[in-house]
Amino acid sequence: MSTEKTINTAPRDRIIIRTGITGITVNVLLAAFKAAVGLATRSIAITTDAVNNISDAASSVITIIGTKYAGKPADKKHPFGHGRAEYLSAMVISVLVLYAGITAFVESVKKIIHPVTPEYSTASLIIVTAAIITKILLGLFVKRTGEKVNSDSLVNSGKDALLDSVISASTLAAAAVFLIFHISLEAWLGAVIGVIIVKSGIDMLRETLSKILGERADADLARSIKSTVLSFPEISGAYDLVLHNYGPETYTGSVHIEIPDTLSADDLDKLIRKVTVEVYEKHDVILTGVGIYSVNTKDPSAIEARERVRELVINNPYIPEMHGFYLDENEKTIRFDVVISFDAKDRNAVYADVCSQVQEAFPGYTLQIAMDSDFTE
8 MSTEKTINTA
18 PRDRIIIRTG
28 ITGITVNVLL
38 AAFKAAVGLA
48 TRSIAITTDA
58 VNNISDAASS
68 VITIIGTKYA
78 GKPADKKHPF
88 GHGRAEYLSA
98 MVISVLVLYA
108 GITAFVESVK
118 KIIHPVTPEY
128 STASLIIVTA
138 AIITKILLGL
148 FVKRTGEKVN
158 SDSLVNSGKD
168 ALLDSVISAS
178 TLAAAAVFLI
188 FHISLEAWLG
198 AVIGVIIVKS
208 GIDMLRETLS
218 KILGERADAD
228 LARSIKSTVL
238 SFPEISGAYD
248 LVLHNYGPET
258 YTGSVHIEIP
268 DTLSADDLDK
278 LIRKVTVEVY
288 EKHDVILTGV
298 GIYSVNTKDP
308 SAIEARERVR
318 ELVINNPYIP
328 EMHGFYLDEN
338 EKTIRFDVVI
348 SFDAKDRNAV
358 YADVCSQVQE
368 AFPGYTLQIA
378 MDSDFTE
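Numbering (the working numbering), first residue to last: 8 to 384.
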């Protein structure tokens, strides 16, 4: 089957772009109102908040650009499509948030050194209150939409908007303190706001970079794919599932299956084609490779040997699984894979210990033991 994605991503892209346009419109209007209030009241906190709204609008623009680029079809240079562009746009948004936080902190420190007394009016406080409510509603809408369509860019923008509502609320609280007690906390609050924004930007950047580097596939998706593979009666085991992410909801991968050593090449060809089609139709995952582990069916003593080896191997706390066992009595070989946990301090030492124990139990056999990793669970 073709390795090119053929599903229609247009509805998802339209939702992301429409949500991004909504974010741009709301943030530009809020920035204009807050900037006017901030300049009129000489409030560094409100002015800083206005600048943050501009960065939010910019993040929405980047989200739209990233979504449009990610939606481009696969080509010769990028045969797996352009879906990872969404992760890059999410990273740029994180950097913008980080920059906005650093700028806010620096400007606030300047005001601490050279303080300016704010002047609040009823109209300005009403505008800030309205901005808080607007930001809460916008943040919830954008974040939930991002989670619904699996868009990190929208989720990051939504989190940032919700953070802005908290920041605006603290600005309102500072205004109340000033009006009641005549104590100005503006500059200090601006510095705290800057630190909060910086931390948010770092968290977003760390999460996005982790996805770009390549994270472990979702465990539920992995289990459901293996369940589909195991639904074929000829297959007794599904192992070594590796999923490669080329953007949200865009996966290719490979898997190894255990099948009886009596199947012909023609039978295997038919089976593998059925498996790849079934996995694609049910999970929208393209299996670019299906490896084969043959299972002994002709030699009863091989089953006993397999259980002896399993007892030796699984007894090690850092080995959760053994698979692909096959004993060839004619060539006097034993081959299998052992999954060694990443929790092991020295995986090579665990592997060497396994080889030593099995060789001691079967001195007359040549061992072909592969050290394996668990990529999905």
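Positions of the beta carbon are idealized from the N, C-alpha and C atoms, including for glycine.
GLU311 has its alpha-carbon roughly 15 angstroms from the corresponding atom of LYS339.
One alpha carbon belongs to SER301, the other to ALA65, and they sit about 56 angstroms apart. The beta carbon of LEU196 sits closer than 7 angstroms to the beta carbons of ALA52, SER177, THR178, ALA181 from its chain, once the five residues preceding and following it are set aside; these are given in chain order. In the DSSP assignment, LEU250 falls within the beta strand (DSSP E) that extends over 244–252.
Three or more beta-carbon pairs separated by less than 8 angstroms are not found between the stretch 131–138 and the stretch 221–234, which leaves the two stretches without contact. Under a 10 Å Cβ-count criterion, THR74 is classified as buried, with 16 or more other Cβ atoms of the shown protein chains found around its own Cβ. Annotation: the continuous beta strand (DSSP E) that includes PRO267 extends over 258–267.
Just measuring C-alpha positions, the residue of THR29, SER380, MET98, GLY298 sitting nearest SER217 is MET98.
With a threshold of 16 other beta carbon atoms within 10 Å, ALA39 falls short and is exposed. Taking a cut-off of 8 angstroms for Cβ pairs, the stretch 145–156 and the stretch 93–112 do not touch, as fewer than three such pairs fall below it.
Of the residues assessed, GLU93 falls on the buried side of the cut-off, its CB having 16 or more other CB atoms within 10 angstroms. Taking the Cα positions, ALA377 is about 58 angstroms away from ILE139.
Each residue's CA atom was taken as its position, placing GLU154 and ASP344 some 38 angstroms apart. Linking VAL292 to THR235 through their CA atoms gives a straight-line distance of about 12 angstroms.
Around the beta carbon of GLU265, 16 or more other beta carbons lie within 10 angstroms, which makes this residue buried.
Under the 8 angstroms Cβ criterion, the stretch 316–330 counts as touching the stretch 360–368, having at least three qualifying pairs.
Contact between GLY244 and HIS330 holds, with the beta-carbon distance rounding to 6 angstroms and staying under 8 angstroms. For VAL302, the enclosing beta strand (DSSP E) starts and ends at 292–302.
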